[in-house]
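Student: Here the protein sequences line up with chains A and B, keeping their order.
Using our numbering, you'd call the opening residue of the first sequence number 5 and step up by one each time.
Using our numbering, you'd call the opening residue of the second sequence number 82 and step up by one each time.
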Amino acid sequence: MNIFRFAGDMTHLISILVLLLKIYATKSCSGISLKTQELYAIVFVARYLDLFTDFISVYNTVMKLVFIGCSLAIVWCMRLHRVVRRTYNKDVDTFRHYFLVLGCFLLALFVHEKFTFQEVLWAFSIYLEAVAILPQLVLLQRSGNVDNLTVQYVFFLGAYRAFYILNWIYRYLTEPHFGRWIASVAGLVQTALYADFFYYYFISWKNNAKLQLPA
Amino acid sequence: ARPIARHDEL
Chain A
5 MNIFRFAGDM
15 THLISILVLL
25 LKIYATKSCS
35 GISLKTQELY
45 AIVFVARYLD
55 LFTDFISVYN
65 TVMKLVFIGC
75 SLAIVWCMRL
85 HRVVRRTYNK
95 DVDTFRHYFL
105 VLGCFLLALF
115 VHEKFTFQEV
125 LWAFSIYLEA
135 VAILPQLVLL
145 QRSGNVDNLT
155 VQYVFFLGAY
165 RAFYILNWIY
175 RYLTEPHFGR
185 WIASVAGLVQ
195 TALYADFFYY
205 YFISWKNNAK
215 LQLPA
Chain B
82 ARPIARHDEL
């Protein structure tokens, strides 16, 4: 474990807690893409299959349970909670995210570390996580300026993978035979997708204005 | 062959 990875995990945890806070405190999920949340639930379930078969550390197991638990709780909240579900605007959350699932699964069938059930699903979860933010970014573009908590959520979510890239560079430099090309390339793509968001986020922060994404 | 590295990251 290195500081970059720990910072990445904590930033990821903060992003999920910010989202839970927003939904719980405002009893509203306006501005949040349910499709992105569903993609993240699939990412965590597909990636943490080894939860009960491969014990790495208490930290690793606890964080996996937290990520799976929170992502499923958010999807449950947005779909079934009697108050929150009414604030979900499905007319603006129209990204065809099932194509993302299919595309990532097909890619995982061809590009993986080993052709086993667990490794193919692991690669699938890595690819899917790289593009899971797309429905949310599209929704942000559509709904113009959104509330701060949603913007913070996307910001922390983007920052976490950027920390992981530093983690992979660090591990590549310090560990022999460390080659996580699948995760590193997908992580670069994932962070690149946030690039324009980060740019407009920084501009709005500098001008102390609300975030305005160009339509 | 290099053993498949365990996925020790989240």
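By construction, the Cβ of each residue, glycine as well, lies at the ideal position given by its N, Cα and C atoms.
Determine, using beta-carbon pairs with one atom in the region 207 to 219 of chain A and one in the region 170 to 190 of chain A, whether at least three such pairs fall under 8 Å.
Tutor: No, because fewer than three Cβ pairs between the region 207 to 219 of chain A and the region 170 to 190 of chain A fall closer than 8 Å, the two stretches do not touch.
Student: I need the DSSP call for A/H116, collapsed to helix, strand or coil.
Tutor: As a working note, residue 116 of chain A is residue 112 in the first sequence. It is coil, neither helix nor strand.
Student: Measuring only between beta-carbons, confirm whether A/F71 sits less than 8 Å from chain B.
Tutor: Walking along the first sequence from the start, residue 71 of chain A turns up at place 67. Closer than 8 Å to some Cβ of chain B, the Cβ of A/F71 qualifies, so yes.
Student: Mapping DSSP to helix, strand and coil, what is A/Q216?
Tutor: For the purposes of this step, residue 216 of chain A is taken as residue 212 along the first sequence, with counting starting at 1. Correct three-state label for A/Q216: coil.
Student: My guess is that A/K31 and A/V88 are in contact by the Cβ rule of under 8 Å, so how many angstroms apart are they, rounded?
Tutor: Here residue 31 of chain A refers to the residue found at position 27 of the first sequence. Here residue 88 of chain A refers to the residue found at position 84 of the first sequence. Yes, they are in contact, since the Cβ atoms of A/K31 and A/V88 sit about 6 Å apart, within 8 Å.
Student: Within the same chain, show all residues whose beta-carbon is closer than 8 Å to that of A/F202, passing over the 5 residues directly before and after it, in chain order.
Tutor: On the first sequence, position 198 is the one that residue 202 of chain A refers to. Once the five neighbours on either side are set aside, the close Cβ partners of A/F202 are F159 and G162.
Student: Following the continuous alpha helix (DSSP H) through B/L91, name the residue where it begins and the one where it ends.
Tutor: Sequence index remark: in the second sequence, residue 91 of chain B carries index 10 (1-based). Note, B/L91: premise wrong, no alpha helix (DSSP H); not H, not E.
Student: Could you tell me whether the Cβ atoms of A/L104 and A/V70 are closer together than 8 Å?
Tutor: Taking the first sequence and counting its residues from 1, the one referred to as residue 104 of chain A is at position 100. Taking the first sequence and counting its residues from 1, the one referred to as residue 70 of chain A is at position 66. No. Outside cutoff.
Student: Between A/E133, A/T120, A/V66 and A/D97, which lies nearest to A/V191 when the distance is taken from Cα to Cα?
Tutor: Numbered from 1 along the first sequence, position 187 holds the residue referred to as residue 191 of chain A. Before going on, a small fix: residue 191 of chain A reads as Gly here, not Val. For A/G191, the nearest C-alpha among the options comes from A/E133.
Student: Going by C-alpha distance, which of A/L53, A/D151, A/N64 and A/W172 is nearest A/S208?
Tutor: Your numbering for residue 208 of chain A matches position 204 in the first sequence. The candidate whose alpha carbon is nearest that of A/S208 is A/D151.
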